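The structure under discussion appears below in the form of structure tokens.
2 protein chains.
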Amino acid sequence: MKSFNEIIQLISSEIDQINWSKEPHKLYEPIGYVLSMGGKRIRPALTLMACNLFQDNVQPAVNAALGLEIFHNFSLLHDDIMDRAEVRRGKPTVHKKWDDNTAILTGDVMQIAAYQFIAKTPIQYLKPVLDLFSQTATEICEGQQYDVDFERRENVKEEDYLEMIRLKTAVLLGCALKIGAWIGDATDEDAQLLYDFGINIGLAFQLKDDLLDVYGDETTFGKKIGGDILCNKKTLLLIHALRLAKGNEALELQKWIGTSDKNLSKDKIQAITSLYNRLGIKTICEDKMRYFYTKAIANLEKVSVSGNKKQELRNLADKLMFRND
Amino acid sequence: MKSFNEIIQLISSEIDQINWSKEPHKLYEPIGYVLSMGGKRIRPALTLMACNLFQDNVQPAVNAALGLEIFHNFSLLHDDIMDRAEVRRGKPTVHKKWDDNTAILTGDVMQIAAYQFIAKTPIQYLKPVLDLFSQTATEICEGQQYDVDFERRENVKEEDYLEMIRLKTAVLLGCALKIGAWIGDATDEDAQLLYDFGINIGLAFQLKDDLLDVYGDETTFGKKIGGDILCNKKTLLLIHALRLAKGNEALELQKWIGTSDKNLSKDKIQAITSLYNRLGIKTICEDKMRYFYTKAIANLEKVSVSGNKKQELRNLADKLMFRND
Chain V
982 MKSFNEIIQL
992 ISSEIDQINW
1002 SKEPHKLYEP
1012 IGYVLSMGGK
1022 RIRPALTLMA
1032 CNLFQDNVQP
1042 AVNAALGLEI
1052 FHNFSLLHDD
1062 IMDRAEVRRG
1072 KPTVHKKWDD
1082 NTAILTGDVM
1092 QIAAYQFIAK
1102 TPIQYLKPVL
1112 DLFSQTATEI
1122 CEGQQYDVDF
1132 ERRENVKEED
1142 YLEMIRLKTA
1152 VLLGCALKIG
1162 AWIGDATDED
1172 AQLLYDFGIN
1182 IGLAFQLKDD
1192 LLDVYGDETT
1202 FGKKIGGDIL
1212 CNKKTLLLIH
1222 ALRLAKGNEA
1232 LELQKWIGTS
1242 DKNLSKDKIQ
1252 AITSLYNRLG
1262 IKTICEDKMR
1272 YFYTKAIANL
1282 EKVSVSGNKK
1292 QELRNLADKL
1302 MFRND
Chain C
982 MKSFNEIIQL
992 ISSEIDQINW
1002 SKEPHKLYEP
1012 IGYVLSMGGK
1022 RIRPALTLMA
1032 CNLFQDNVQP
1042 AVNAALGLEI
1052 FHNFSLLHDD
1062 IMDRAEVRRG
1072 KPTVHKKWDD
1082 NTAILTGDVM
1092 QIAAYQFIAK
1102 TPIQYLKPVL
1112 DLFSQTATEI
1122 CEGQQYDVDF
1132 ERRENVKEED
1142 YLEMIRLKTA
1152 VLLGCALKIG
1162 AWIGDATDED
1172 AQLLYDFGIN
1182 IGLAFQLKDD
1192 LLDVYGDETT
1202 FGKKIGGDIL
1212 CNKKTLLLIH
1222 ALRLAKGNEA
1232 LELQKWIGTS
1242 DKNLSKDKIQ
1252 AITSLYNRLG
1262 IKTICEDKMR
1272 YFYTKAIANL
1282 EKVSVSGNKK
1292 QELRNLADKL
1302 MFRND
């Protein structure tokens, strides 16, 4: 069994070994830039950890793990263009550092590179791995589209939001785990349990992210606090606030939603956070987060390997839930 | 043996049967829009025709053929964003009819859809087909990047330009043919000959396109004549004009290249076309086009099937060379 740290080291060293110093320079340089920024490497870690539950040798799963990490970074890159985000992991986004066209084309070639790594999966697992990967990649695009649609849609319900984050965030965690399990020669039942574990952890993870956006500490979170509030993003927090605010509080919420004056940013964040507090929104979202976390742990418990082998995945789940960044 | 028309009908009917009426609507609707616009369907036709050289049943190659057509349309869609093109096949481009973000995300999901069709290739051919497809897709991105780079680069030579169009245009024709040949159980030698046929036809095809941009008939060409001239695109025509123009002609050429006043568009097209004529540029490019065409036909001749089976591919090559649109 490899420890989480060993897994992360293995992934980092594999990522560092990929050569992006190729021509045309302007196409490949941003890939090296994006991948060297780091990030948590959760997805490739999940693939190798899932594989490692069933066999000692995780090497056969390394290429698929790299493919998933490259795909994840590709999707962030294109999302950042669409969201006009200027900073990612504390550094300028690709479309800011270069330009939109570079970000589009570099993203396209990253998506292909992801498939090239996936295609190096041992041939006996290739077809199901490839199909699950394509299905997941499609779902992530669907999730992104719903995310965009929701910006302009009134009356987004909790179930709509949860389905959106399932597609946009959770399925890739499930996919990473299932692919690792398959390559580790797990039964389909265990692979599916790990997929479900990934979905539920993914949902909890995104709810944690939404909570951190409001209640996090700027110095550790790495993003500006209140970003979701400023752009009126329909997170679970805002959805429940819109549902629960009545009378004057409803009017106050609508007033702040209608406020885009940058000079009032601080006030807007403060006012909406205070409203969330009065309405008990934090508790509602934390409860929901814990609900998915508990479901995830129950999925993991059922996987038919000994409890001590699952400890690293349990630790990772805890780390993702109780993180500050 | 199927005739070219039968092949095209088969492809059209298969494309029409794909269901893009899925949710989220805004993600999938533009795919139906783009694919229903038509286009020549040359790439899927080449796949099925190559397969048909070696076996009667082209059905096993249909999914790969569709994947290539979807990929081709994806790459046009993203290129159109980058080039700020407003019209494609006489209709508004996706980023004009919808917006940039829709065009980016729809393109991303099209690229995945292309892989999903490719993945339906009979399993015994899947790995090499997948690898060639990914390599080709990567090369197309590289070609697009060189195309962008050349806009700002002085001193682009003929060989640079030919390498750029090989990557951007020719490799997908070669890939389409080779995949069809493989699925038709051709020998590697025949598959490679067909790949080379595709490369050479692709180079000739692009040179024909460049010539049509200057010497075509607007009513049949479907694009505005002189588009390349107006944006100073470094086609083979301009590359040779820059090389051959001396003294006053060089000054005149530089003057017009420096002119971006839209009121002078007609004058610019006329002046540069007249300069091309005086410098004998048309003949140089036509000779080059014929050189690749001849090489292509020689490749095709060597493929080890009877001459009459190759007639449809020969006809298609002729059609592409002597077309007006």
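Taken in order, these protein sequences are the chains called V and C. Taking the working numbering, the leading residue of the first sequence gets 982, the next gets one more, and so forth. Taking the working numbering, the leading residue of the second sequence gets 982, the next gets one more, and so forth. Cβ coordinates follow ideal geometry from the N, Cα and C atoms, glycine included. Bear in mind the structure is a predicted one, so any value in this text is a computation, not a measurement.
Check                                                                                                                                 : Outcome
Buried or exposed by the 16-neighbour rule on C-beta atoms within 10 Å, applied to ASN1280(C)                                         : buried
Closer than 9 Å to chain C by CB, PRO1041(V)                                                                                          : no
The region 986–1005 of chain C / the region 1125–1145 of chain C touching (three or more Cβ pairs under 8 Å)                          : no
Sheet register partners of VAL1068(C) (DSSP bridge)                                                                                   : PRO1073(C)
Residues within the region 1037–1068 of chain V neighbouring chain C, beta-carbon criterion of under 7 Å                              : HIS1059, ILE1062, MET1063
Against chain V: residues of the region 1002–1028 of chain C by CB proximity under 7 Å                                                : PRO1005, LYS1007, LEU1008
Distance CB(LYS1215(V))-CB(VAL1137(V)) smaller than 9 Å                                                                               : yes
Residues, ordered as in the chain, of the region 1111–1131 of chain C that lie near chain V by beta-carbon distance below 7 Å         : LEU1111, ASP1112, SER1115, ALA1118, THR1119, CYS1122, GLU1123, GLN1125, GLN1126, TYR1127, VAL1129, ASP1130
Buried/exposed call for GLY1228(C), threshold 16 Cβ in 10 Å                                                                           : exposed
Chain C contacts from the region 1129–1158 of chain V (Cβ-Cβ distance under 8 Å)                                                      : VAL1129, ASP1130
Proximity below 9 Å, CB of ARG1022(V) to CB of SER993(V)                                                                              : yes
Contacts around ILE1210(C), its chain only, beta-carbon distance under 6 Å, and the 5 residues preceding and following it disregarded : ILE1250, ILE1253
ALA1100(V) (DSSP reduced to helix, strand or coil)                                                                                    : coil
Members of the region 1200–1215 of chain C near chain V, C-beta cut-off 7 Å                                                           : none
Contacts of LYS1108(C) in chain V (Cβ-Cβ under 8 Å)                                                                                   : ALA1100, ILE1104, LEU1107
For THR1240(V) and LEU1218(V), the rounded distance between their alpha carbons                                                       : 18 Å
Of the listed residues LEU1086(C), ASP1060(C), PHE1303(C), nearest to LEU1193(C) (C-alpha basis)                                      : PHE1303(C)
Option in GLY1208(C), TYR1257(C), TYR1014(C), ILE1262(C) with minimal Cα separation from LYS1243(C)                                   : GLY1208(C)
Close Cβ partners of LYS983(V) (< 6 Å) along its chain, the five nearest in sequence each way excluded                                : ASN1033
Test: ASN1000(V) CB closer than 9 Å to a CB of chain C                                                                                : no
PHE1385(C) vs ALA1042(C) beta-carbon contact at 9 Å                                                                                   : Outside the shown range of chain C (982 to 1306) lies residue 1385(C), about which nothing can therefore be said.
Sequence ranges, alpha helix (DSSP H) only - wholly within the region 997–1042 of chain V, length at least 4                          : 1006–1017, 1023–1035
Cross-chain neighbours of ILE1085(C) in chain V, by beta carbon under 7 Å                                                             : HIS1059, ILE1062, MET1063, ILE1085
ASP1080(V) versus LEU1029(V): straight-line alpha-carbon distance, rounded                                                            : 35 Å
Proximity test, Cβ basis, 9 Å: ILE1093(C) and chain V                                                                                 : yes
Exposure label - THR1200(V); buried when at least 16 CB within 10 Å                                                                   : exposed
Under 7 Å from the C-beta of TYR1096(C): neighbouring residues of chain V                                                             : TYR1096, SER1115
Inter-residue CB distance, ILE1146(V) and LEU1184(V) (contact presumed, cutoff 8 Å)                                                   : 6 Å
GLU1233(V) versus SER1287(V), SER1255(V), GLU1144(V), residue with shortest Cα-Cα distance                                            : SER1255(V)
Contacts that VAL1090(C) makes with chain V (C-beta to C-beta distance below 7 Å)                                                     : THR1119, CYS1122
Within 9 Å, strictly: CB atoms of LEU1308(V) and GLN1125(C)                                                                           : The shown model of chain V, from 982 to 1306, leaves out residue 1308(V), and the question about it has no answer.
Whole runs of the alpha helix (DSSP H) within the region 1147–1231 of chain C, excluding any shorter than 4 residues                  : 1152–1164, 1169–1196, 1199–1202, 1208–1211, 1217–1225
Inter-residue spacing [alpha-carbon to alpha-carbon] between LYS1269(C) and ASN1181(C)                                                : 11 Å
Any chain V beta carbon closer than 9 Å to ASP1081(C)                                                                                 : yes
Distance, GLU1140(V) Cα to ARG1295(C) Cα                                                                                              : 58 Å
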